[in-house]
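Below: one structure, written as C-alpha cells.
Numbering (the numbering used here), first residue to last: 221 to 623.
Written out as C-alpha cells, the structure reads:
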C-alpha cells in the first residue's frame, strides 16, 4: 500500500487543513494489518475513505467508497473491509441495506423509510448466491437485493478479510474488487466528502433559521420583534411530559423487539434530533410546574422517564391499556405536583430505588472497590428493591380505582 509521504509536504494554501487531516488518516491506515479492497469495476469517480474502526488499539474495519453519495439513483459503491481474525460481529444483509438507507437520509435528506413504497420494496427483497471477482478470482458471495439497493458479503481469496459490498444504481454483476495500493485518493476524498456534508448542513441550518428551506431570512413579525428573549413559553400543561414519555417508551420497546429478533435497533429517520427537543421541553415545563431549577427538573424528568421505561419492560399492561394510560397520568402528576395519587406508594418506591436510598453505604461510592460479598449483597438488595416496587404496581393495578 502507498500511504503518502513525499506528496504531502508543507502548503501555504487554504487546503493545508484538508491535507493535514488526510495525512492523519493515512497515518492511521498505515497500521492496517490486512489488505484493503475497493471496486475496480465499474469505474466510478470520487473515491473516499468513509469509515474505520479501531478495537483494542488495532484497526479491525476500513470502509472505502466510490461514486455519488448524495443521490438515490447513485451510482454508488461501498466496500467494508473487516479483519476476519478480529471476531467483529457482522450484521445480516437486511441490516446492511437498511444502513445504506440511513446513510442516504443522513447525507442527502432522502427518506426511504417503510411506508407504501417501503413495503413494496421489502416485498421485492431477494437473497441469492453470486460470484464476484476479487483480484480476478471469482469468489462465492451471498447477495441481497431490495429494489435499487443491494448488499453482498464474501471472503477475500486469502481468507483474511470479510468484504461487505453495498451498491445502488450499479448492477452487482458488473462489480469487481481489487486490493488498493494507493490510499491517498481515498484520504483526500474523505475530506471532500466531509466538506460537502458540512456545506449541506450549514445550508439546512440557515434555512431553518430563516424559516424557509434554502431561502433568505424571513421578515420578522411584530410579535417576534416584541420578544428578543426567544419563543414564548408554551401553555402550562402536562403535554410535554406525555410526549417525552410516549417517545422514550416506544423507542425502548422498539429496541427490545429488535434485539429479540437479532436486528439493529433504529430510530425512525425523521426522528433525528427529536429526542433532545422533547426532553428540553419537558424539563422546562417541569421547572415551571414544580418550581425547580434546571438541574432539579432534569433529574425529575430523568427519574420519570426511566420509571415508565422500566414499567413498560416489567408489566404487560403498560402502556397500551386503560390501566397503562392511568399509570402514566398518575406518574406525571406525581412528578410535576407531588400529587397524592393512588399509585403514590409505587412512585415513592421507585424514587427510593432510583436514588439508592434503601441501600447501605456500600452503594454510596460508585466505582469504589467492593468485596465479592458486598457486590453480591448489593445485587440482592437491588433485586429486592425492584421486586417491592413492581409488587406495589401490581397491587395498584389489581385494586379497583377510587370513586
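By construction, the Cβ of each residue, glycine as well, lies at the ideal position given by its N, Cα and C atoms.
Whole-number beta carbon distance between residue j and residue i, since they are thought to touch under 8 Å
{"i": "residue 461", "j": "residue 555", "result": "7 Å"}
{"i": "residue 293", "j": "residue 427", "result": "With a Cβ gap of about 24 Å, residue 293 and residue 427 do not count as contacting."}
{"i": "residue 538", "j": "residue 547", "result": "6 Å"}
{"i": "residue 386", "j": "residue 316", "result": "6 Å"}
{"i": "residue 256", "j": "residue 399", "result": "7 Å"}
{"i": "residue 254", "j": "residue 359", "result": "Not a contact, Cβ separation roughly 16 Å."}
{"i": "residue 407", "j": "residue 260", "result": "The Cβ separation is near 19 Å, so there is no contact."}
{"i": "residue 571", "j": "residue 551", "result": "Going by Cβ atoms, the distance from residue 571 to residue 551 rounds to 11 Å, so no, they are not a contact pair."}
{"i": "residue 365", "j": "residue 345", "result": "7 Å"}
{"i": "residue 404", "j": "residue 472", "result": "Not really, about 45 Å apart at Cβ, beyond 8 Å."}
{"i": "residue 498", "j": "residue 464", "result": "4 Å"}
Host beta strand (DSSP E) of residue i (start-end)
{"i": "residue 247", "result": "No beta strand (DSSP E) contains residue 247, which is instead part of the alpha helix (DSSP H) from 236-249."}
{"i": "residue 376", "result": "Note, residue 376: premise wrong, no beta strand (DSSP E); not H, not E."}
{"i": "residue 275", "result": "268-275"}
Per DSSP, the bridge partner or partners of residue i
{"i": "residue 552", "result": "Residue 552 pairs with nothing; no bridge assigned."}
{"i": "residue 299", "result": "284, 385"}
{"i": "residue 308", "result": "The partner list for residue 308 (beta bridge, DSSP) is empty, contrary to what the question assumes."}
{"i": "residue 357", "result": "354"}
{"i": "residue 484", "result": "In DSSP, residue 484 forms no bridge with anything."}
{"i": "residue 366", "result": "369"}
{"i": "residue 349", "result": "362"}
{"i": "residue 396", "result": "261"}
{"i": "residue 424", "result": "DSSP lists no partner for residue 424."}
{"i": "residue 278", "result": "275"}
Boundaries of the alpha helix (DSSP H) in which residue i is found, first to last residue
{"i": "residue 528", "result": "514-534"}
{"i": "residue 510", "result": "494-510"}
{"i": "residue 316", "result": "313-328"}
{"i": "residue 259", "result": "First-last for residue 259: 257-261, but that is the beta strand (DSSP E), not the alpha helix (DSSP H)."}
{"i": "residue 565", "result": "564-574"}
{"i": "residue 264", "result": "Where residue 264 is concerned, there is no enclosing alpha helix (DSSP H), given that its DSSP letter is neither H nor E."}
{"i": "residue 344", "result": "Element bounds for residue 344: n/a, residue is neither H nor E."}
{"i": "residue 607", "result": "592-618"}
Interface flag, residue i vs chain B, CB-CB below 9 Å
{"i": "residue 360", "result": "Included in the structure is just one protein chain, with no chain B present."}
### Task
Give a yes or no on contact between the segment 375-392 and the segment 415-426, applying the rule of three or more CB pairs nearer than 8 Å.
no
### Message
Does the structure place the segment 282-298 close enough to the segment 254-274 that three or more beta carbon pairs sit under 8 Å?
### Response
yes
### Message
Using 8 Å as the cut-off, can you tell me whether the segment 302-314 makes contact with the segment 460-474, which would need three or more C-beta pairs spanning the two stretches below that distance?
### Response
no
### Message
Under 8 Å: do the segment 478-492 and the segment 323-334 share three or more Cβ pairs, one atom per stretch?
### Response
yes
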